[in-house]
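Engineer: Pasting in a structure now, in structure tokens, and then I'll have a few things to ask.
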């Protein structure tokens, strides 16, 4: 195949050689020169030309291999550049959404300083600010992660209980029940997995006005079920896009569209699969399984 491509690239030179050879033969015939001299000179010229083709082939092959390597490197460079440009655009979008959402708790705090400070509401707004800051910082880290994962055996029941304690004031404030059933000891990074599950629990608490939250755990499966407002079926496929809040998120004016986006980034890197099912007015179920 390579020889064929090489000879095809050398067609002009071969054509010139054959033309010169034809003129050479015609001269011999016109001048009635000895045929033996014609054969010897023709054979000598043919050997020289073959040596030229062989040496040219190896030079051509070497250059072609270098060109192929450079072409491959150029494609890889273009791909990395496109990925970098995409990452920069994503980060700009995240910053835009994040900065817009930060105005909500800041405005609430500012309003309280001008009127009467509600300590419980102030704590809630400060908690929200802390969570938004954490989302931004961890988003930057997860996208530049190299060897930051530390895998060990994790009790998902214990991890969930710690998160429930963190959100205990919200459960008490909204009079929500919480129940944790079962156990799954999984090998993963505790810090990042905890952050992902926290975002899922945050959403469950945020959109549940009454009833409660049930966390069901079994080997290979982790589910958070709430009795909240639910999600429109047409919104579910886009829940993991940054900045997408869904219809109910916009109505409630509570969603940043970043929590689930960050959770999905983390879970993908930890090789967990996440699925969401929901029914309007009845609640939502988020399920994690190990891929």
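Numbering (UniProt numbering), first residue to last: 1 to 291.
Glycine included, each C-beta is placed from N, C-alpha and C at the ideal position.
Because the structure is a prediction, the values reported are computed rather than measured.
#1: Residues in the same chain with beta-carbon distance under 6 Å from residue 102, minus the five sequence neighbours each way, listed in chain order, please.
#2: Quick check on residue 27: buried or exposed, where buried means 16 or more other Cβ atoms within 10 Å of its Cβ?
#3: Find the nearest neighbour of residue 237 within the set 260, 226, 220, judged by alpha-carbon distance.
#4: Would you list the residues sitting across from residue 276 in a DSSP beta bridge?
#5: DSSP on residue 149, reduced to helix/strand/coil?
#6: Using only alpha-carbon positions, find the residue among 162, 7, 196 that is nearest to residue 286.
#7: Which runs of the alpha helix (DSSP H) at least 4 residues long sit entirely within the segment 8-77? Give them in chain order.
#8: At the level of alpha carbons, what is the spacing between residue 140 and residue 127?
#9: Reducing DSSP to helix, strand and coil, say where residue 226 ends up.
#10: Per DSSP, which residues does residue 218 bridge with? Please list them.
#11: Just reading off the alpha helix (DSSP H) that residue 172 is part of, what are its end residues?
#12: Looking at residue 230: is its Cβ nearer than 8 Å to the Cβ of residue 280?
#13: May I have the straight-line CA-CA distance separating residue 249 from residue 109, to the nearest angstrom?
#14: Am I right that residue 192 and residue 149 are in contact with their C-beta atoms under 8 Å? What's the rounded C-beta distance?
#15: When DSSP builds the beta bridges, which residues end up paired with residue 281?
#16: Out of 142, 184, 81, which has the shortest C-alpha to C-alpha gap to residue 158?
#17: Excluding the 5 residues flanking residue 233 on each side, which residues of the same chain have their C-beta closer than 8 Å to its C-beta?
Structural biologist: On the basis of the supplied data:
#1: The answer, listed in chain order, is 132.
#2: Within a 10 Å sphere around the beta-carbon of residue 27 sit fewer than 16 other beta-carbons, which makes this residue exposed.
#3: Minimum Cα distance to residue 237 is reached at 260.
#4: DSSP lists 286 as partners of residue 276.
#5: Here residue 149 sits in coil by DSSP.
#6: Looking from the CA of residue 286, the closest CA among 162, 7, 196 belongs to 196.
#7: Listed in chain order, the complete alpha helix (DSSP H) runs (minimum 4 residues) inside the segment 8-77 are 11-30.
#8: Looking at the two C-alpha atoms, the distance is approximately 20 Å.
#9: Strand, per DSSP.
#10: In the DSSP assignment, the residues bridged to residue 218 are 221.
#11: Unbroken alpha helix (DSSP H) run through residue 172: 168-173.
#12: For the pair residue 230 and residue 280, the CB atoms are nearer than the 8 Å cut-off.
#13: Confidence in residue 249 is poor, its pLDDT being 46 and thus under 50, which makes the residue's placement unreliable; the coordinate value appears in the next sentence. If you take the alpha carbons of residue 249 and residue 109, they lie about 21 Å apart.
#14: Under the criterion of beta carbons closer than 8 Å, residue 192 and residue 149 qualify as touching, at roughly 7 Å.
#15: Under DSSP, residue 281 forms no beta bridge with any residue.
#16: Considering only alpha carbons, the answer is 184.
#17: Within the same chain, residue 233 has close Cβ partners 278.
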